[in-house]
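Numbering (the working numbering), first residue to last: 17 to 69.
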């Protein structure tokens with residue numbers, strides 16, 4: 017049946033597209049996490065000397 021093949025092709029295309037989006041989203045998330053981590057680190061490092069009294 018040609019219909020089944022078409023459906024299978026469509027599913028494959030959607031899976032590939034989703035995988036690519038997931039990768040892009042993951043990269044963005046990692047970038048944001050890095051930025052947030054450095055900011056949090058900076059704040060934490062500035063507060064450490066005052067905490068040790």
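Every residue, glycine too, gets a C-beta built ideally from N, C-alpha and C.
May I have the straight-line CA-CA distance separating residue i from residue j, to the nearest angstrom?
i          : j          : result
residue 21 : residue 37 : 24 Å
residue 47 : residue 53 : 10 Å
residue 28 : residue 59 : 46 Å
residue 24 : residue 62 : 56 Å
residue 33 : residue 41 : 12 Å
residue 43 : residue 26 : 26 Å
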